[in-house]
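Worksheet: one structure, shown below.
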Amino acid sequence: MSNLRRAKITALGTYVPPRVLSNKDLEKMVDTTDEWIMERTGIRERHLVEKGMATSDLAAEAARKALVQRQVQPKDVGAIIVATVTPDMFFPSTACLVQHKLGAVGTWGFDLSAACSAFVYALQAGAQFVCTGAHKNVLVIGADVMSSVIDYTDRATCVIFGDGAGAVLLEPANGDSEGIIDFLHEVDGSGGCALYMPGGGSLHPSTHETVDKKMHFVHQDGQAVFKYAVRKMAEVCDRLLTRNNLKGSDIDAFIPHQANKRIITATADRLGLRKESVIINIDRYGNTTAGTIPLAMETACQEGRLKKGDLVMLASVGAGFTVGATLLRWAF
Ligand code: UT7
Numbered sequence: 001m002s003n004l005r006r007a008k009i010t011a012l013g014t015y016v017p018p019r020v021l022s023n024k025d026l027e028k029m030v031d032t033t034d035e036w037i038m039e040r041t042g043i044r045e046r047h048l049v050e051k052g053m054a055t056s057d058l059a060a061e062a063a064r065k066a067l068v069q070r071q072v073q074p075k076d077v078g079a080i081i082v083a084t085v086t087p088d089m090f091f092p093s094t095a096c097l098v099q100h101k102l103g104a105v106g107t108w109g110f111d112l113s114a115a116c117s118a119f120v121y122a123l124q125a126g127a128q129f130v131c132t133g134a135h136k137n138v139l140v141i142g143a144d145v146m147s148s149v150i151d152y153t154d155r156a157t158c159v160i161f162g163d164g165a166g167a168v169l170l171e172p173a174n175g176d177s178e179g180i181i182d183f184l185h186e187v188d189g190s191g192g193c194a195l196y197m198p199g200g201g202s203l204h205p206s207t208h209e210t211v212d213k214k215m216h217f218v219h220q221d222g223q224a225v226f227k228y229a230v231r232k233m234a235e236v237c238d239r240l241l242t243r244n245n246l247k248g249s250d251i252d253a254f255i256p257h258q259a260n261k262r263i264i265t266a267t268a269d270r271l272g273l274r275k276e277s278v279i280i281n282i283d284r285y286g287n288t289t290a291g292t293i294p295l296a297m298e299t300a301c302q303e304g305r306l307k308k309g310d311l312v313m314l315a316s317v318g319a320g321f322t323v324g325a326t327l328l329r330w331a332f
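Under our numbering, residue 332 is the last one in the sequence shown; the count climbs by one each step, no gaps.
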């Protein structure tokens, strides 16, 4: 990346729908307890959309806030990338719907599907347009309405997920003292069967049978994903740190995908991160898939734990399997 300019995050906006589903609410829906959910996942509550609200609504709301924060007009956005696994529909892309909702006339964009790693993948994809000089302003949005693909009679999955979105604006950095430094991404399709939604695609198009067999819901082998996530999140972060001559203790803010508090703390321990650098907000939002990392950035900012110049590491593991880690210097 040395011959190109860096991209930096210059604004952040988030949105979660107002409706809250608490662990106590879930106790009335499935055979679970607040204690089990807190102990095994760290989640206390999550936000869910009302009927009729879709991923593009959350995404547009988050993007609007980011643009207002930076005083950038929608017409000046060069490209919009929406990271999501729950698009409003197969097509048109959610990016097109967001473009229209924002009034971002003349821009282009696309959706990026990488489940829980989609935000870090989209961040990198967006950064390339800035690095090459193709665009000055790129909106990268992570947004998911997981409640649209969750079986609320399945206690193994319904307690975990929530709905939410976050958006960042990418612009050219001023030199090498700020912005995105490096990334390390991997996919491992052998893990596809551990976390997936079987129905509705070209392999199993929607039929009465696919609905009856609950094929339009998230299916997860929780333990398999858990073990892979603990191992791989630490491994990619370690490799990324090592090749940048850094140690875990150099990181000012570790902002990981929020899938399970135990995955985050195990990773932090393995990497030797300082406890105060680890950002966790899964208690408030649950796992919002592509939304978790920008939502955690917002929490870090609100709590005064993310300041200009801070060395930040983002990390994720998700369905696919997809794995990603990013190093950057926070720029505002
Ligand atoms: O973001 C995408 C990536 N996803 C992840 O990273 C998720 C990774 N996996 C996990 O976070 C965890 O595996 C879960 C939170 C999904 C499950 O936690 P676990 O500690 O792995 O539980 P388990 O699946 O091993 O189940 C342990 C017990 C079982 O009962 P038995 O067989 O021991 O009697 C489950 O039936 O807990 C039971 N159980 C529950 N009990 C109360 C499963 N879900 C619940 C529940 N409430 N909601």
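Note that beta-carbon positions come from the ideal geometry of N, C-alpha and C, so glycine has one too.
Give me whichever residues DSSP pairs with residue i in a beta bridge.
| i | result |
| --- | --- |
| Gln124 | DSSP, once it has assigned bridges, lists no residue as partnering Gln124. |
| Met313 | Phe254 and Leu327 |
| Lys8 | Glu171 |
| Trp108 | Ala79 |
| Ala143 | Ala165 |
| Ile180 | Leu328 |
| Asn281 | Answer is none; Asn281 lacks a bridge partner. |
| Glu45 | Ser22 |
| Thr14 | Gly166 |
| Glu186 | Val323 |
| Gly318 | Thr322 |
Leaving out five residues on either side along the sequence, give the residues of the same chain with a beta carbon under 7 angstroms from the beta carbon of residue i.
| i | result |
| --- | --- |
| Leu102 | Ala60, Ala63, Arg64 and Pro74 |
| Met1 | Legend: pLDDT at Met1 = 46, less than 50; position of this residue unreliable, value from coordinates given subsequently. Once the five neighbours on either side are set aside, the close Cβ partners of Met1 are Cys131. |
| Val135 | Contrary to the premise, residue 135 reads as His rather than Val in this sequence. Within the same chain, His135 has close Cβ partners Gly78, Ala79 and Phe129. |
| Met53 | Pro17 |
| Arg239 | Leu184 |
Would you say residue i touches the ligand UT7, meaning its beta carbon is less than 6 angstroms from a heavy atom?
| i | result |
| --- | --- |
| Asn281 | no |
| Phe161 | no |
| Val225 | yes |
| Glu260 | Position check: residue 260 holds Asn in this sequence, whereas Glu was assumed. Correct: Asn260 has its Cβ closer than 6 angstroms to the ligand UT7. |
| Leu70 | Inspection of the sequence shows that residue 70 is occupied by Arg rather than by Leu. No, since every heavy atom of the ligand UT7 falls outside the 6 angstroms radius drawn around the Cβ of Arg70. |
| Cys193 | no |
| Asn287 | yes |
| Cys301 | no |
| Cys116 | yes |
| Arg155 | yes |
| Arg231 | no |
| Gly318 | yes |
| Thr109 | For the record, residue 109 in the displayed sequence is Gly; it is not Thr. Gly109: no, Cβ never under 6 angstroms from the ligand UT7. |
| Arg64 | no |
| Arg44 | no |
| Thr32 | yes |
| Arg270 | no |
| Thr356 | The question about residue 356 has no answer, for the chain in this structure spans 1 to 332. |
| Arg284 | no |
| Gly166 | no |
| Thr41 | yes |
| Gly189 | no |
Quick one: measure Cβ to Cβ for residue i and residue j, integer angstroms, because I've assumed they're closer than 8 angstroms.
| i | j | result |
| --- | --- | --- |
| Ile293 | Ile43 | About 17 angstroms separates the two Cβ atoms, so there is no contact after all. |
| Gly142 | Ala118 | 6 angstroms |
| Thr326 | Gln124 | 7 angstroms |
| Glu186 | Val225 | Not quite, the Cβ-Cβ distance comes to about 15 angstroms (not below 8 angstroms), so this is no contact. |
| Thr289 | Cys116 | 5 angstroms |
| Val20 | His47 | 6 angstroms |
| Ala66 | Val168 | 6 angstroms |
| Ser56 | Leu12 | With a Cβ gap of about 19 angstroms, Ser56 and Leu12 do not count as contacting. |
| Gly166 | Met297 | 7 angstroms |
Go ahead and label residue i buried or exposed: buried means 16 or more other beta carbons lie within 10 angstroms of its beta carbon, across all protein chains shown.
| i | result |
| --- | --- |
| Phe254 | buried |
| His100 | exposed |
| Val105 | exposed |
| Gln223 | exposed |
| Asn260 | buried |
| Gly291 | buried |
| Asp212 | exposed |
| Lys51 | exposed |
| Met233 | buried |
| Met29 | exposed |
| Ser202 | exposed |
| Ser277 | buried |
Residues in its own chain within less than 6 angstroms of residue i by CB, not counting five upstream and five downstream?
| i | result |
| --- | --- |
| Leu306 | Ala253, Ala300 and Trp330 |
| Ile37 | Asn23, Ile43 and Val159 |
| Leu195 | Gln220, Val225 and Ala319 |
| Pro256 | Ile264 and Ala315 |
| Val230 | Ile263 and Ala266 |
| Gly200 | Ser206 and His216 |
For residue i, which residues in the same chain have their Cβ closer than 8 angstroms to its Cβ, ignoring the five residues on either side in sequence?
| i | result |
| --- | --- |
| Ile81 | Ala95, Gly109, Phe110, Asp111, Leu112, Ala122, Ala125, Gly126, Val138, Leu139, Val140 and Ile141 |
| Ser147 | Leu48, Val49, Phe161, Gly162 and Asp163 |
| Asp310 | Asp252, Ala253, Arg329 and Trp330 |
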